[in-house]
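Take a look at the structure below.
There are 2 protein chains.
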Amino acid sequence: MHKLWSKYPEVNKELKEVKQIIEKNAKCRDKVVEGSILELLNSGGKMLRPAFVILSSKFGNYEEKKARALASVVEMFHMATLVHDDIIDEATLRRGKETVQSKYGKNYAVYIGDYLFCVCFKVLAGVGSLDSVQIDTMTMSRICMSEIDQLNSRFDKNVSVKKYLKRASGKTAELFSLSLFLGASESGCSRKLSRAFWEIGHNIGMAFQIIDDILDYTGSDESIGKNSANDLKQGIYTLPLIIALENKPSELVNILEKSDYTEDDVVEIIKLVNKYDGVNKAREIAKKYTNKAYKQIKALPENEYREILLEITKGLLDRIY
Amino acid sequence: MHKLWSKYPEVNKELKEVKQIIEKNAKCRDKVVEGSILELLNSGGKMLRPAFVILSSKFGNYEEKKARALASVVEMFHMATLVHDDIIDEATLRRGKETVQSKYGKNYAVYIGDYLFCVCFKVLAGVGSLDSVQIDTMTMSRICMSEIDQLNSRFDKNVSVKKYLKRASGKTAELFSLSLFLGASESGCSRKLSRAFWEIGHNIGMAFQIIDDILDYTGSDESIGKNSANDLKQGIYTLPLIIALENKPSELVNILEKSDYTEDDVVEIIKLVNKYDGVNKAREIAKKYTNKAYKQIKALPENEYREILLEITKGLLDRIY
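Residue numbers (numbering that gives the first Met the number 0), protein chains in the order written: chain A, 0 to 320; chain B, 0 to 320.
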């Protein structure tokens with residue numbers, strides 16, 4: 000389990016149970032499928048989304064079997080999207096380990112993702128209400144749609160901050176929202192409290208995605224564990240670059256005109272994004288979401304889980320301030 | 000609508016409604032996504048699976064809204080798998096039209112398939128019982144697993160008839176079974192009758208897949224509307240070839256040793272498969288499944304829908320006798 004959770008033995012224990020559910024469901028006659036699912040599961044991800052389900056479930060009537068199963072659902076859905084995203088990004092590394100598509104080929108990756116989707120829905124239908132299945136699937140459709148939006152705006156130098164935020168909302172924040180919301184609503188929290196969790200997930204997710212994107216312009220391969228500036232090479236322009244491009248500085252526009260960026264181009268782009276204040280301004284926007292999240296978490300009913308949620312959120316979002 | 004249904008105005012009308020549900024659900028802000036889903040929907044597929052849902056629903060208490068929605072679910076699931084299969088096969092044509100992956104690229108095809116999966120589950124959760132969502136997702140996991148089996152046995156000259164039949168069962172027959180089963184069980188047919196429909200679907204599906212594979216060794220590009228012998232080039236050995244290989248005739252084994260088959264090789268392989276009786280013997284096996292299906296359909300409660308099912312099945316399965 001990620002060291003993040005060692006301070007919180009109760010959550011840590013629950014996440015171990017969640018892992019076991021996923022392991023049980025990954026079991027199948029194809030050992031490569033099973034192996035690659037287990038490998039991804041054990042590759043050191045933070046398991047934030049399932050932890051959010053567990054934590055928000057604690058605000059209601061905590062039924063461990065249900066909470067764990069729902070937590071496994073959001074993690075399996077997340078894993079399925081990771082496997083498919085890596086096909087699109089042609090990523091060779093994920094969390095510092097070789098990706099399914101790099102190791103076994105794109106074909107495998109397509110079907111392993113599909114298999115994970117189906118298993119995720121199977122577990123969901125086993126414990127969730129029809130209502131939650133509907134919310135889940137609607138959210139999931141929106142997530143797929145945001146991925147498509149991102150594909151469409153590749154190499155688009157006119158992509159706006161607004162469009163970026165919408166994409167981040169669909170791509171990342173929705174699943175954070177869903178995780179916190181599902182835990183709350185399925186453990187019988189009021190509609191109002193469940194909605195509050197949805198909003199908290201949104202703000203954490205937005206800050207999280209922006210910070211992730213900022214790290215592409217400040218981190219190194221080692222520190223972020225995936226191909227640095229990989230997005231950039233794929234033509235995915237994220238917030239720091241979009242902001243730096245706002246006044247269309249010609250030296251930046253000129254490099255971006257190229258269809259294929261060399262390593263030197265990437266270094267130069269990173270330098271220019273910093274020069275034109277893209278990183279600092281992106282940080283300010285992230286800060287706004289972070290502060291909103293803190294404020295909303297503090298307004299939750301007081302209990303030990305609220306404190307854990309607050310601490311975890313701080314740990315996640317204070318990485319760059 | 001496919002001309003197959005013009006003889007049956009009632010089914011034809013229902014299938015038009017099913018199409019409208021899919022069209023409504025394909026509606027999204029991304030016009031390429033919407034367009035490519037509609038294109039696939041209107042590319043002249045037979046819509047067998049949704050028709051099966053409609054027909055078996057008629058044996059119970061027919062609720063049109065529910066039956067149509069369930070019919071749209073199996074068709075959307077089928078469409079999602081087609082889009083993803085075409086990525087694996089690198090197919091350029093599907094039903095004589097350019098595939099999503101050929102027209103818009105693999106990346107698009109991955110996400111369009113995912114989007115269709117989610118929409119399919121969304122519609123299902125809106126009308127099905129939790130039981131049917133579970134059966135559905137279990138079946139879907141098995142279908143994905145069979146696709147993976149197929150990937151694994153590429154270029155395997157020792158693949159057995161038994162293994163082929165298992166793969167055909169998972170890849171094709173399961174969804175035929177599910178379609179007939181869902182319609183029956185969700186319209187309140189008895190457990191026994193619903194199970195009978197499952198079995199009928201299995202036998203129709205098995206015969207259908209075998210016949211499809213036989214046509215690869217007897218048809219032409221024009222008559223079957225997709226790249227003839229495409230499977231063969233991808234190293235997917237189907238029943239006629241597997242049977243012809245049973246006694247390991249050296250002239251056939253030698254060509255298959257090559258890793259890349261030329262057009263001439265394909266022509267030669269097709270010739271040898273016929274020479275070593277692969278096509279005839281495969282036809283006999285198909286015939287067994289076909290006869291079982293007829294017998295089981297005739298044992299259904301007598302009504303006009305039983306006759307339609309029988310006629311349709313005959314039309315499908317008598318293509319090669």
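Just so it is clear, CB atoms sit at the ideal spot from N, CA and C, and this is done for glycine as well.
Nothing here was measured: the structure is a model prediction, and the numbers come from that model.
Query: For a contact meaning CB atoms closer than 9 Å, what does F154 of chain B contact in chain A?; Result: The contacting residues do not exist; F154 of chain B stays about 13 Å from chain A at best.
Query: Can you tell which of B:G59, B:A90, B:K165, B:G182 has its C-alpha closest to the C-alpha of V72 of chain B?; Result: B:G182
Query: If contacts are defined as beta-carbon pairs under 8 Å, then F51 of chain A and F175 of chain A qualify, I think. What distance do you get, rounded to the angstrom?; Result: 7 Å
Query: Considering only their Cβ atoms, is the gap separating P49 of chain B from E74 of chain B smaller than 8 Å?; Result: yes
Query: From C119 of chain B to K102 of chain A, what distance separates their C-alpha atoms?; Result: 30 Å
Query: Using a Cβ-Cβ cut-off of less than 7 Å, give me the residues of the segment 122-143 of chain A that come near chain B, in sequence order.; Result: A124, G125, L129, V132, Q133, T136, M137, M139, S140, C143
Query: What is the C-beta distance between V99 of chain A and S42 of chain A, in whole angstroms, given that I count them as a contact (C-beta under 8 Å)?; Result: Incorrect: roughly 11 Å between the Cβ atoms, too far for contact.
Query: Quick one: list the residues of chain B neighbouring I284 of chain A, beta-carbon separation under 9 Å, in chain order.; Result: Those within 9 Å of I284 of chain A in chain B number zero; the least Cβ separation is about 24 Å.
Query: Listed in chain order, which residues of the segment 56-77 of chain B have Cβ atoms closer than 8 Å to some Cβ of chain A?; Result: none
Query: Which of helix, strand or coil does DSSP assign to R67 of chain B?; Result: helix
Query: At least one CB of chain A closer than 8 Å to the CB of Y163 of chain B: is that the case?; Result: no
Query: Out of A:R305, A:M0, A:K286, A:L316, state which residue places its alpha-carbon closest to the alpha-carbon of K57 of chain A.; Result: A:R305
Query: Quick check on DSSP: helix, strand or coil for R194 of chain A?; Result: helix
Query: For L316 of chain B, write down the residues that DSSP places opposite it in a beta bridge.; Result: Its beta-bridge partners do not exist; DSSP assigns none.
Query: Would T136 of chain A be called buried (16 or more neighbouring beta carbons within 10 Å of its own) or exposed?; Result: buried
Query: I'd like to know if the segment 156-168 of chain B and the segment 239-250 of chain B are in contact, where contact means that at least 3 CB-CB pairs between them fall below 8 Å.; Result: yes
Query: Go through its chain and collect everything with a Cβ distance to P248 of chain B's Cβ below 6 Å, but skip five positions before and after it.; Result: Y275
Query: Would you kindly report the start and end of the unbroken alpha helix (DSSP H) that includes N11 of chain A?; Result: 8-25
Query: Can you find a CB in chain A that lies within less than 8 Å of the CB of E33 of chain B?; Result: no
Query: So within the segment 116-199 of chain A, which uninterrupted alpha helix (DSSP H) runs reach at least 4 residues, ignoring any that extend past its ends?; Result: 129-151, 160-167, 173-185
Query: By DSSP's criteria, L92 of chain A is part of a beta bridge. Which residues make up the other side?; Result: A:E97
Query: Note down, in chain order, every chain B residue with its Cβ under 8 Å from the Cβ of D85 of chain A.; Result: Ordered by position in chain B, no residue passes the 8 Å Cβ test against D85 of chain A, which lies about 10 Å from the chain.
Query: Quick one: Cα of Q295 of chain A to Cα of N202 of chain A, how far?; Result: 9 Å
Query: Given a cut-off of 8 Å, decide if S152 of chain B and G169 of chain B are closer than it, judged by their beta-carbon atoms.; Result: no
Query: For Q208 of chain A, which residues of its own chain have a beta-carbon under 6 Å away from its beta-carbon, when the five flanking residues on both sides are left out?; Result: A167, T171
Query: Can you find at least 3 beta carbon pairs, one from the segment 73-92 of chain A and one from the segment 106-116 of chain A, that sit closer than 8 Å?; Result: yes
Query: How about D29 of chain A: is its C-beta nearer than 8 Å to some C-beta of chain B?; Result: yes
Query: Indicate the three-state DSSP secondary structure (helix, strand or coil) for K291 of chain A in the structure shown.; Result: helix
Query: How about A206 of chain A and A285 of chain A: are their beta carbons less than 8 Å apart?; Result: yes
Query: Please classify I235 of chain B: does DSSP put it in a helix, a strand, or coil?; Result: coil
Query: What's the gap between the Cα of L54 of chain A and the Cα of G125 of chain A?; Result: 21 Å
Query: Could you name the residues of the same chain whose beta carbon sits closer than 6 Å to that of I269 of chain B, not counting the 5 residues immediately before and after it, in chain order?; Result: Y216
Query: Say whether chain B places a C-beta atom closer than 8 Å to the C-beta of D326 of chain A.; Result: With chain A represented from 0 up to 320, any question about residue 326 of chain A goes unanswered, as that position is not in the structure.
Query: For Q233 of chain B, tell me which candidate among B:E262, B:K26, B:M78 has the shortest Cα-Cα distance.; Result: B:E262
Query: How close, in whole Å, do the beta carbons of I147 of chain A and E173 of chain A come, if the pair is a contact with beta carbons under 8 Å?; Result: Wrong, their Cβ atoms sit about 14 Å apart, outside the cutoff.
Query: Check whether the Cβ of I147 of chain A lies closer than 8 Å to any Cβ atom in chain B.; Result: yes
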